[in-house]
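J.: Provided herewith is a single structure, encoded as structure tokens, for subsequent inquiry.
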Amino acid sequence: MRSALVVTALAAAVLSHTAVAQGGGRQGGRGGGRGTPIAAGESCPPGTTEIRPRSCMAPELAPPSILDYRPHSTLVVPVHMVKTAKYPAIDFHGHPQGLLTPDGVVTLVNALDSLNVRMMVSADNMSGERLQRAVSAVRGSDKSKDRVRILAGINFQNVGPGWAEKAIKQLEADVAAGAVGVGEIGKGFGLSTKKPDGSRLKIDDPELDPIWEACARLKLPVFIHTADPQEFFKPIDYNNERWLELALFGDRRYPSDRFPAFETLMTERDNLFRKHPKTIFVAAHMGWHANDLGRLDKMMAAMPNLYTEVGAVLYDIGRQPRAAHDFFIKYQDRILFGKDSFQPEEYPYYWRVFETNDDYFDYYRNYHAFWKLYGIGLPDSVLKKVYYQNALKITPLLPQTGWPK
Ligand SMILES: [Zn+2]
Numbered sequence: 242m243r244s245a246l247v248v249t250a251l252a253a254a255v256l257s258h259t260a261v262a263q264g265g266g267r268q269g270g271r272g273g274g275r276g277t278p279i280a281a282g283e284s285c286p287p288g289t290t291e292i293r294p295r296s297c298m299a300p301e302l303a304p305p306s307i308l309d310y311r312p313h314s315t316l317v318v319p320v321h322m323v324k325t326a327k328y329p330a331i332d333f334h335g336h337p338q339g340l341l342t343p344d345g346v347v348t349l350v351n352a353l354d355s356l357n358v359r360m361m362v363s364a365d366n367m368s369g370e371r372l373q374r375a376v377s378a379v380r381g382s383d384k385s386k387d388r389v390r391i392l393a394g395i396n397f398q399n400v401g402p403g404w405a406e407k408a409i410k411q412l413e414a415d416v417a418a419g420a421v422g423v424g425e426i427g428k429g430f431g432l433s434t435k436k437p438d439g440s441r442l443k444i445d446d447p448e449l450d451p452i453w454e455a456c457a458r459l460k461l462p463v464f465i466h467t468a469d470p471q472e473f474f475k476p477i478d479y480n481n482e483r484w485l486e487l488a489l490f491g492d493r494r495y496p497s498d499r500f501p502a503f504e505t506l507m508t509e510r511d512n513l514f515r516k517h518p519k520t521i522f523v524a525a526h527m528g529w530h531a532n533d534l535g536r537l538d539k540m541m542a543a544m545p546n547l548y549t550e551v552g553a554v555l556y557d558i559g560r561q562p563r564a565a566h567d568f569f570i571k572y573q574d575r576i577l578f579g580k581d582s583f584q585p586e587e588y589p590y591y592w593r594v595f596e597t598n599d600d601y602f603d604y605y606r607n608y609h610a611f612w613k614l615y616g617i618g619l620p621d622s623v624l625k626k627v628y629y630q631n632a633l634k635i636t637p638l639l640p641q642t643g644w645p646k
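Encoded structure:
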């Protein structure tokens, strides 16, 4: 009892000292009495922050906007920058727009060399003549002929009687021309693509079934991007984790009066995956469940034909290094590397998250990650699978030789 009293007195002394040291002592040094009280479970009013349990206070200095507050971390920890991937990588989510020309491919391959990306899979939904032009640009240079492969697109306009037959014929022609898979099926499929009668084309529409079966028959993986981060479908208020991004980019807002709900799209997508167990689907962006790996875990466990890809969700992988590490270990045979937007200077952030155990470092874009990243330290055997072995396994038309064992 006596010692408890001493502890209480000590704590009070420390508290009052802290209050004075922080310059907040205008109303005396006891620390009590300052701030505006709130009830348990309430949040502080706007413009204030909780300084003690259930006590809110406004800063004496004018607060900066979220754009201008850029604190420099004082944390001193080991730093391991990783400029090039430890093993040759396949970027399964390539968008080299503009570079699949006779001149462009050389620029592209030089950039890939500097990162140890041995192969880019172009996921630009190409078909017909456009695909043929891209293939001949790649084949036209010794430097690029083994470094780029191309996915075919599916045209989802006018889905109705006779559509599937035509789409399959086109897909077969595209494979004959050099395509190695299908994709990236874009988010418009589900969000906005319409059928001829004006209704929304649902992702699990039965009229599409024959094309998915054809992909299985032709051994083409289907790379598909469905919806967008769940916060894009939510009210844009100050609790929305992506407020700044949504304020910057109007085309990322999906208000419920104009778009299907996130969960509607997820349900249709999962129906599609379940309905075609012989077709290999690669859910881009970790299916937008990198923020809920438990959910993705359940999907992967239930659907052996489902693979996933890490493009543009590094901010979620790197903020939960222990859970992400365990997920990558568990699903090491079904995760593919992909980058999405082609910015060579951004790839090293991926290498650093996957290969190191570094703590608390910056992501490459502030507007969609108000937090730091941590390395998940994957073992070499898993790095090889994620970087290239899994892509080779599900894409038999990729060049299969010359890769490290
Ligand atoms: Zn993409």
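Quick note: to get the numbering used here, add 241 to the position in the sequence shown (first position is 1).
Heads up, the beta-carbon is just placed ideally off N, CA and C, and yes, glycines get one too.
The model shown is predicted, which means the values in this text are computed figures rather than measured ones.
Given that a residue counts as buried once 16 or more other Cβ atoms are within 10 Å of its Cβ, and exposed if not, what is Met322?
T.: Classification for Met322: exposed.
J.: Residues in the same chain with beta-carbon distance under 7 Å from Phe503, minus the five sequence neighbours each way, listed in chain order, please.
T.: The residues are Ala468, Gln471, Phe474.
J.: Return the chain-ordered ranges of every beta strand (DSSP E) run that is complete within the segment 510-556 and spans a minimum of 3 residues.
T.: Within the segment 510-556, the complete beta strand (DSSP E) runs of at least 3 residues are 522-524, 547-550.
J.: Met392 lies in the beta strand (DSSP E); which residues open and close that run?
T.: Note on residue identity: the sequence assigns Leu, not Met, to residue 392. Note, Leu392: beta strand (DSSP E), 389-393.
J.: Ignoring anything shorter than 4 residues or poking outside the segment 328-376, list the alpha helix (DSSP H) runs there in chain order.
T.: DSSP runs (the alpha helix (DSSP H)) wholly in the segment 328-376: 345-354.
J.: Please work out which residues of its chain come closer than 8 Å, Cβ to Cβ, to Pro337, disregarding the five sequence neighbours upstream and downstream, and give them in chain order.
T.: These residues qualify, in order along the chain: Gly345, Leu349, Met361, Ser363, Asp365, Val389, Phe583.
J.: With burial defined as no fewer than 16 other Cβ atoms inside 10 Å of the residue's Cβ, what is the status of Thr542: buried or exposed?
T.: As written in the sequence, residue 542 is Ala, which differs from the Thr given in the question. So Ala542 counts as exposed.
J.: Following a CB-centred definition, is His566 positioned closer than 7 Å to any heavy atom of ligand 1?
T.: No, Cβ of His566 sits at least 7 Å from all heavy atoms of ligand 1.
J.: For Ser296, which residues does DSSP report across the bridge?
T.: For Ser296, which the question treats as bridged, DSSP gives the partners Pro278, Arg293.
J.: Quick one: what does DSSP say Asp309 is sitting in, helix, strand or coil?
T.: In this structure, Asp309 counts as coil in the three-state DSSP scheme.
J.: Reducing DSSP to helix, strand and coil, say where Lys646 ends up.
T.: Coil at Lys646, not helix or strand.
J.: Taking the alpha-carbon positions, what's the Lys539 to Pro637 distance?
T.: So the alpha carbons of these two residues sit roughly 27 Å apart.
J.: Just the residues with CB closer than 7 Å to a heavy atom of ligand 1, in chain order, which are they?
T.: Qualifying residues, in the order they occur: His334, His336, Ala364, Glu425, His466, Ala525, Gly552, Asp581.
J.: Cutting at 8 Å between CB atoms, please list the residues of its own chain near Ala564, excluding the five before and the five after it.
T.: These residues qualify, in order along the chain: Leu534.
J.: Please classify Ile576: does DSSP put it in a helix, a strand, or coil?
T.: It is a strand residue.
J.: Looking at the strands, I want to know which residues DSSP matches up with Leu614.
T.: Answer is Phe602, bridged to Leu614.
J.: Whose C-beta lies closer than 6 Å to the C-beta of Gln263 among residues of the same chain, with five residues either side of it excluded?
T.: Low confidence applies to Gln263: its pLDDT is 40, below 50, so where it sits in the model is not reliable, and the reading given next is rough at best. Excluding sequence neighbours, Gln263 sits near nothing in its chain.
J.: Taking the C-alpha atoms as reference points, what is the distance between Asp581 and Glu550?
T.: So the two alpha carbons sit approximately 10 Å from each other.
J.: Is it right to say Asp332 is buried, meaning 16 or more other beta carbons lie within 10 angstroms of its own, or is it exposed?
T.: It counts as buried.
J.: Locate the alpha helix (DSSP H) running through Val416, then write down its first and last residues.
T.: 404-418 is the extent of the alpha helix (DSSP H) around Val416.
J.: Which of the three DSSP states is assigned to Asp450 in this structure?
T.: Of the three classes helix, strand and coil, the one that applies to Asp450 here is helix, per DSSP.
J.: Taking 7 Å as the limit between beta carbons, can you name the residues of its chain near Ile292, skipping five residues before and five after?
T.: Closer than 7 Å at Cβ, skipping near neighbours: Gly276, Met298.
J.: May I have the straight-line CA-CA distance separating Arg441 from Ala352, to the nearest angstrom?
T.: One C-alpha to the other measures close to 40 Å.
J.: In three-state terms, what does DSSP make of Glu301?
T.: Note: Glu301 maps to coil in three-state DSSP.
J.: Do three or more CB pairs link the segment 566-580 to the segment 618-630 at distances below 8 Å?
T.: The segment 566-580 is in contact with the segment 618-630.
J.: Do Glu509 and Gly419 have their CB atoms nearer than 8 Å?
T.: Not a contact, by the Cβ cut-off of 8 Å.
J.: Bridge partners of Asp581, per DSSP?
T.: Its beta-bridge partners are Gly335.
J.: Considering only their Cβ atoms, is the gap separating Val554 from His526 smaller than 8 Å?
T.: Yes. Within cutoff.
J.: Within a Cβ cutoff of 6 Å, which residues of the same chain sit near Asn631, ignoring the five residues on either side of it in sequence?
T.: Only Leu577 meet the Cβ criterion.
J.: Which same chain residues end up closer than 8 Å to Val489 when comparing Cβ atoms and leaving out the 5 residues on each side of it in sequence?
T.: Correcting the residue type first, residue 489 is Leu in the shown sequence and not Val. Tyr608, listed in sequence order.
J.: Relative to the C-alpha of Pro286, which residue among Ser377, Tyr479, Val423 is closest?
T.: Nearest of Ser377, Tyr479, Val423 to Pro286, Cα basis: Tyr479.
J.: Please list the terminal residues of the continuous beta strand (DSSP E) segment that includes Phe397.
T.: Counting along the chain, Phe397 falls outside any beta strand (DSSP E), and DSSP gives it neither H nor E.
J.: By how many angstroms is the C-alpha of Gly427 removed from the C-alpha of Asp492?
T.: Going from the Cα of Asp492 to the Cα of Gly427 covers about 14 Å.
J.: Gly491 by DSSP, collapsed to three states: which one?
T.: The answer is helix: DSSP assigns Gly491 an H, G or I state.
J.: What are the boundary residues of the beta strand (DSSP E) that includes Phe464?
T.: Per DSSP, Phe464 belongs to the beta strand (DSSP E) from 463-465.
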